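Residue numbers (this note's numbering): 78 to 292.
Here it is as structure tokens:
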């Protein structure tokens, strides 16, 4: 049930101010809905990308494990473990941000670098493939982290925008419209009362003048 906004006065000025607030709130509501729709679209876009990354990550993990098993069979467990221990650490990753409807979304500007192959000793074809598999796993893990953080930020902002949109649509705008109608009706009543009061005063004055003329 809409309510009259507190602090308003039964004046033409407050009626004008309330009407301006209705226009401003309506415009804000429209802009918030556009922002909400854009955020939801971006949200599902990133979710779809994350699904693809997860699928690729799973695929590379499975292939990498198979290649490790084959490498152990070909070169022996000791050599494979020695090569694994001598492999370089994952290189630095550079992150940046892009703006989505006023929200900073993380992006990976520099992907994980492949280690230099010359540091690997006694390498076999399957070891090279396993190495490639797990480097792709690393890359996809970082992409997945970025995607999930983006989804989290967009999700939180979408909730805020939705709350503000609902507040405008179901509380503020109805209350402003109700207040405007109330002020307008009360002003009309006051004008009618003043009109009848003036008519009564006029009639009394005319009667008095008529009486004075008859005496």
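Idealized CB from N, CA, C, for every residue including glycine. Treat the numbers as computed from the prediction; the structure is a model and nothing was measured.
Beyond the five residues adjoining it in sequence on each side, residue 82 comes within less than 7 Å, by CB distance, of 252, 253 and 256 in the same chain, given in chain order.
DSSP, reduced to helix, strand and coil, places residue 180 within a strand of the structure shown. When DSSP states are grouped into helix, strand and coil, residue 282 belongs to the helix group. Less than 8 Å divides the Cβ of residue 217 from the Cβ of residue 137.
Beyond the five residues adjoining it in sequence on each side, residue 240 comes within less than 7 Å, by CB distance, of no other residue in the same chain.
When the alpha-carbon of residue 127 is set against those of 106, 141, 223 and 158, the nearest one is in 223.
With the rule of 3 Cβ pairs closer than 8 Å, the region 177-186 counts as touching the region 225-236.
Burial state of residue 176 is exposed, judged by a 10 Å Cβ sphere holding fewer than 16 other Cβ atoms.
By the neighbour-count criterion, in which a residue is buried when 16 or more other Cβ atoms sit within 10 angstroms of its Cβ, residue 282 is exposed. The beta-bridge partner set that DSSP reports for residue 234 is empty.
Within the region 85-133, no alpha helix (DSSP H) run of at least 4 residues lies entirely inside it.
If you draw a straight line from the Cα of residue 226 to the Cα of residue 238, it comes to about 18 Å. In this structure, residue 170 sits near residue 219, with a CB-CB distance shorter than 8 Å.
In its chain, beyond the 5 residues on either side, no residue has a beta carbon closer than 6 Å to the beta carbon of residue 88. DSSP places residue 78 outside both helix and strand once states are collapsed to three, so it counts as coil.
The beta-bridge partner set that DSSP reports for residue 175 consists of 182. Annotation: residue 93 to residue 119 spans about 39 Å, alpha carbon to alpha carbon.
Here residue 203 is buried. Its C-beta has 16 or more other C-beta atoms within 10 Å.
In its chain, beyond the 5 residues on either side, 106 have a beta carbon closer than 8 Å to the beta carbon of residue 246. Exposure of residue 269 is indicated by the presence of fewer than 16 other C-beta atoms within 10 angstroms of its C-beta.
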